[in-house]
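So in my numbering, the last one in the sequence shown is 175, and the numbering has no gaps at all. First comes the structure, then the notes that go with it.
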Amino acid sequence: MVLVAREETISKLYDAITKGNTIESFEIYTSYLENTNFDESNEIFRQVVKRINRDFESEKISNATYHVAKNVSETLDKMISHY
93 MVLVAREETI SKLYDAITKG NTIESFEIYT SYLENTNFDE SNEIFRQVVK
143 RINRDFESEK ISNATYHVAK NVSETLDKMI SHY
(Lines of atoms letter the chains of each structure in order from A and count residues from 1; the text may use other names and numbers.)
(Lines give C-alpha, C1' and ligand atoms only; values in the text may rest on other atoms or scores of the structure.)
Protein backbone atom coordinates (compact mmCIF):
# COMPACT_ATOMS: atom_id res chain seq x y z
CA MET A 1 0.00 0.00 0.00
CA VAL A 2 2.81 2.41 0.87
CA LEU A 3 4.60 1.63 -2.40
CA VAL A 4 1.43 2.42 -4.37
CA ALA A 5 1.03 5.73 -2.54
CA ARG A 6 4.70 6.50 -3.13
CA GLU A 7 4.55 5.76 -6.87
CA GLU A 8 1.28 7.67 -7.17
CA THR A 9 2.83 10.66 -5.40
CA ILE A 10 5.86 10.59 -7.70
CA SER A 11 3.57 10.54 -10.74
CA LYS A 12 1.33 13.35 -9.46
CA LEU A 13 4.29 15.49 -8.41
CA TYR A 14 6.00 14.98 -11.77
CA ASP A 15 2.83 16.00 -13.63
CA ALA A 16 2.27 19.09 -11.48
CA ILE A 17 5.87 20.25 -11.77
CA THR A 18 6.13 19.72 -15.53
CA LYS A 19 2.82 21.56 -16.01
CA GLY A 20 4.18 24.52 -14.06
CA ASN A 21 1.79 24.24 -11.13
CA THR A 22 3.80 25.30 -8.10
CA ILE A 23 0.88 25.41 -5.67
CA GLU A 24 -0.38 21.95 -6.62
CA SER A 25 3.19 20.63 -6.37
CA PHE A 26 3.53 22.02 -2.87
CA GLU A 27 0.17 20.56 -1.84
CA ILE A 28 1.15 17.13 -3.15
CA TYR A 29 4.48 17.31 -1.34
CA THR A 30 2.99 18.44 1.99
CA SER A 31 0.18 15.89 1.79
CA TYR A 32 2.75 13.12 1.37
CA LEU A 33 4.84 14.61 4.17
CA GLU A 34 1.88 14.40 6.56
CA ASN A 35 1.83 10.62 6.08
CA THR A 36 5.58 9.98 6.07
CA ASN A 37 8.63 11.87 7.25
CA PHE A 38 10.86 14.64 5.96
CA ASP A 39 13.55 12.31 4.60
CA GLU A 40 11.07 10.16 2.69
CA SER A 41 9.31 13.21 1.24
CA ASN A 42 12.60 14.73 0.14
CA GLU A 43 13.58 11.45 -1.50
CA ILE A 44 10.35 11.60 -3.52
CA PHE A 45 11.15 15.16 -4.58
CA ARG A 46 14.73 14.18 -5.57
CA GLN A 47 13.43 11.27 -7.63
CA VAL A 48 11.04 13.54 -9.50
CA VAL A 49 13.82 16.03 -10.27
CA LYS A 50 16.04 13.18 -11.51
CA ARG A 51 13.21 11.90 -13.71
CA ILE A 52 12.71 15.36 -15.18
CA ASN A 53 16.42 15.58 -16.00
CA ARG A 54 16.43 12.08 -17.54
CA ASP A 55 13.33 12.83 -19.59
CA PHE A 56 14.88 16.03 -20.90
CA GLU A 57 18.15 14.31 -21.79
CA SER A 58 16.28 11.55 -23.63
CA GLU A 59 14.05 14.16 -25.32
CA LYS A 60 10.83 12.87 -23.72
CA ILE A 61 10.02 16.42 -22.64
CA SER A 62 10.64 19.63 -24.55
CA ASN A 63 13.15 22.32 -23.73
CA ALA A 64 10.29 24.61 -22.66
CA THR A 65 8.78 21.98 -20.35
CA TYR A 66 12.19 21.32 -18.85
CA HIS A 67 12.75 24.99 -18.05
CA VAL A 68 9.26 25.35 -16.58
CA ALA A 69 9.87 22.26 -14.45
CA LYS A 70 13.29 23.51 -13.39
CA ASN A 71 11.82 26.84 -12.24
CA VAL A 72 8.96 25.15 -10.39
CA SER A 73 11.40 22.71 -8.77
CA GLU A 74 13.61 25.55 -7.56
CA THR A 75 10.62 27.42 -6.18
CA LEU A 76 9.26 24.28 -4.54
CA ASP A 77 12.66 23.60 -2.98
CA LYS A 78 12.60 27.07 -1.42
CA MET A 79 9.04 26.60 -0.19
CA ILE A 80 9.96 23.26 1.37
CA SER A 81 12.97 24.74 3.14
CA HIS A 82 10.69 27.30 4.83
CA TYR A 83 7.94 24.79 5.64
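No residue lacks a Cβ here, since even glycine has one placed at the ideal position from N, Cα and C.
> So, using beta-carbon positions, are residue 121 and residue 168 closer together than 8 angstroms?
Replying inline: yes
> Counting Cβ pairs closer than 8 angstroms, one from the stretch 130–137 and one from the stretch 148–164, do we hit at least three?
Replying inline: no
> Around the C-beta of residue 95, are 16 or more other C-beta atoms found within 10 angstroms, so that it is buried, or is it exposed?
Replying inline: exposed
> Which word fits residue 175, buried or exposed, when buried means at least 16 other C-beta atoms lie within 10 angstroms of its C-beta?
Replying inline: exposed
>> Using CA atoms only, rank isn't needed, just tell me which of 107, 98, 116 is closest to residue 128.
In response: 98
> Is it buried or exposed for residue 109, if we count other Cβ within 10 angstroms and need 16 for buried?
Replying inline: buried
> Run through DSSP, which three-state label would residue 128 get?
Replying inline: coil
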